[in-house]
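Numbering (our numbering), first residue to last: 1290 to 1437.
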Ligand code: NI
């Protein structure tokens, strides 16, 4: 972290009231931390949107393992993209439903394409990709070379 700067923000009282209520519900004890998190979230979103950015993330998938060939297709897709998959965790939720969470790592565009492939497989009922980067890479994006 760099030098701490104090800034003033002009906000209409209605918006501020709603913001305070929202952060209170989320358990924030002060506005500054809530603002910092909002800003970081925005910067992470912008940074991970760049196709060449190196990102880490998770792909969450829900599927019915009875769906024809789904288990094999998921395994095959992950082997084909083994360079992007750090690890996979599987939970048998009930008699039919499976939850699979992949930790992924690689170029943003490749990770997104891989996630789309998984989520689009017939039998996958719901899926979502979350991409992020470590905080030090947001704050100084050009000072950190990637060792991959
Ligand atoms: Ni299962």
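C-beta atoms are modelled at their ideal positions from N, C-alpha and C, and glycine is treated no differently. Please read these numbers as outputs of a predicted model, since none were measured by experiment.
The beta-bridge partner set that DSSP reports for residue 1417 consists of 1349. Counted as a single uninterrupted DSSP element, the stretch harbouring residue 1411 is not any alpha helix (DSSP H), since DSSP gives it neither H nor E. Cβ-Cβ distances below 6 Å link residue 1410 to 1362 in the same chain, with the five nearest sequence neighbours on each side left out; the list follows chain order. A direct Cα-Cα distance of roughly 10 Å separates residue 1422 from residue 1330.
In the structure shown, the three-state DSSP call for residue 1337 is helix.
In this structure, DSSP gives residue 1368 a helical state, which the three-state scheme calls helix.
Only residues of its own chain outside the window of five on either side were considered, and among them 1373 have a CB closer than 6 Å to the CB of residue 1395, listed in chain order.
The alpha-carbon of residue 1364 is positioned some 14 Å away from that of residue 1392.
A distance of 9 Å or more separates the beta carbons of residue 1382 and residue 1408. Excluding the 5 residues flanking it on each side, residue 1416 has same chain C-beta neighbours closer than 8 Å at 1348, 1349, 1350, 1351, 1404, 1407 and 1408, in chain order. Taking the Cα of residue 1380 as reference, the smallest distance to any Cα among 1297, 1353, 1412 and 1336 is reached at 1353. Excluding five sequence positions before and after residue 1378, the CB atoms of its chain that fall closer than 6 Å to its own CB belong to 1390, given in chain order.
Residue 1325 has its alpha-carbon roughly 41 Å from the corresponding atom of residue 1360.
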